[in-house]
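Shown next, in structure tokens, is the structure this report addresses.
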Amino acid sequence: MYKDTIAAISTAVSQSGIGIIRISGEEAFSVIDKIYCSPGGKKKLSRKPSHTVHYGYIRDGEELIDEVLVTIMRAPRTFTAEDTVEINCHGGVYAMKRVLETVLKNGARPAMPGEFTKRAFLNGRIDLSRAEAVIDVIQAKNEYALKSSLGQLRGSLQKAIEEVRREILHEIARIEAALDDPEHMSLEGYGEALLEKKRKWMEKLQKLIDSSENGRLIREGVKTAIVGKPNAGKSSLLNFLLGEERAIVTEVEGTTRDILTETVQMGDITLNVADTAGIRDTQDQVEKIGVERARKNALEADLIIYVTDSSRKLDENDRAIMEMLQGKKVIILLNKTDLEPVTSEKELEACKKEWLPQAPVLPVSAKKEEGMELLEKTVREMFYQGKISFNDEVYITNARHKNLLTEARESLEQVENSIQSGMPEDFFSIDLMSACEALGEITGAQAGEDLVNEIFSKFCMGK
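Structure (structure tokens):
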């Protein structure tokens, strides 16, 4: 356990109603005793019961700094498992900084980024996966991301990992014991029994790995590109999705030359939407660059919203776009349904059949804001199939976790190779230990100091 006492502002440093300064460590109560004064005179909060709130003032010597509420929490029933004090002061930037300066002047030092959560991990209060979930909760962009992060914060991932890791450790111990005392413990036929257990572990790990694609979309949002010919209504669609006029809309073809990227909240789904230049053959050098960027953006996207214009006939540019989008997740919008139709839904269905047979066609009017509820429903079904559930499901939202799960799976595959090749049992133990170490890095049981420092360096100050 750390001996020094740390302090930081734990709320946003901005003009706000309330700001919180958090103090944690062995001298937390000593620090607050030096600077807190109750309305009736100076009282020592260190003598007060744990988990109580006290009204009073923060003073720097004889100078009154702020009117506050102070919460006293005794170890180990705190976030860091250390004595903790939280000062609720007024939220002005200067007021918070003056309170923090007074705290630091009287025995605390400034906390490093993520140091409170790091102490919670090092003091055994939470495992590493739960510590990483803290920052995910803070950064959650939608309901799905928040629920997933809260599940991991409650230990859902830790439980799933430790269950497999504990069983693997049991088998390692059994092999080592039998190799040390072959007279009393036999490993005859053990390979087949281990193979069956290995298959069960692989199923559990593969299920977690398979969840990572949904997990990435939950955490980061769906990377979405709006593509189509010039003047199909792409920018109008983006403006509608955003609820504001962000993209320039004119009757002049080729108005959009560069990529305009915005985050759109569609119900409980986050879309990272890029409005791209109209795709067509052109001799304009600047427009050509925009078209190439549009093609590149479309090929890298999770979802393409292909906007067609019902008031114009389909042409070779449309066919080229459809051919380019083969194999991608595409939703086709037959836009401008408020105008006299030239291209019907039936004609579009027939045209796309060769290249995009699975892509749904949705008649919409971005200008009249019609058909957008169906777009939201289609996006949800396309990516989550209506199966996102947070009751018992764990979604891997962290690339580090996915890589380590993959490492563990590969080590278990080596175990099967050794068994089928008739290798000695000590080879099983080596690969089982590799799998165990990879899983231990997820929870922190095997994490080195450099890894821990790197993870917590990404946290915000005060958390």
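Terminal number for the sequence shown in full-length UniProt numbering: 463, no gaps in between. Note that CB positions come from ideal geometry on N, CA and C, so glycine has one too. What you are looking at is a predicted structure, and each value in this text was computed from that prediction instead of being measured.
Bounds of the alpha helix (DSSP H) holding GLN139 are 128 to 139. Inter-residue distance for GLU167 and LEU432 is about 10 Å (C-alpha atoms, whole angstroms). Between GLY114 and PHE459, the beta carbon gap of about 3 Å places them in contact (Cβ cut-off 8 Å). A Cβ-Cβ distance of about 20 Å is found for the pair LEU217 and ASP275, leaving them out of contact under the 8 Å criterion. In the assembly as shown, VAL330 is a buried residue. Its beta-carbon has 16 or more other beta-carbons within 10 Å. Fully enclosed alpha helix (DSSP H) runs of no fewer than 4 residues occupy 93 to 105, 115 to 122, 128 to 139, 143 to 153 of the region 93 to 176, in order along the chain.
ILE6 carries a strand assignment under DSSP once its states are collapsed to helix, strand and coil.
Comparing C-alpha distances from SER14 to each of ALA350, TYR144, ASP338, VAL93 shows the shortest one belongs to VAL93.
About 5 Å separates the Cβ atoms of ASP33 and SER46, confirming a contact at the 8 Å cut-off. In summary, ILE35 is buried, with 16 or more beta-carbon neighbours lying within 10 Å of its beta-carbon over all protein chains present. The region 54 to 69 makes contact with the region 96 to 112; the number of CB pairs closer than 8 Å reaches 3 or more. Selection ILE23, ASP136, GLN152, HIS90 evaluated against ARG109 yields ILE23 as nearest (Cα-Cα). When only Cα atoms are considered, PHE383 and GLY440 end up about 31 Å apart. As computed with DSSP, GLU370 is found in a beta bridge with SER365. Residues of the same chain with a CB within less than 6 Å of the CB of ALA438, apart from the 5 flanking positions on each side, are LEU404, GLU407, ALA408 in chain order.
Note that the C-beta distance between PHE240 and GLU370 is not below 8 Å. One Cα belongs to ILE289, the other to ARG319, and the distance between them is close to 20 Å. The C-alpha of GLY56 is placed about 41 Å away from the C-alpha of THR443. Beta-bridge partners assigned by DSSP to GLY19: CYS89.
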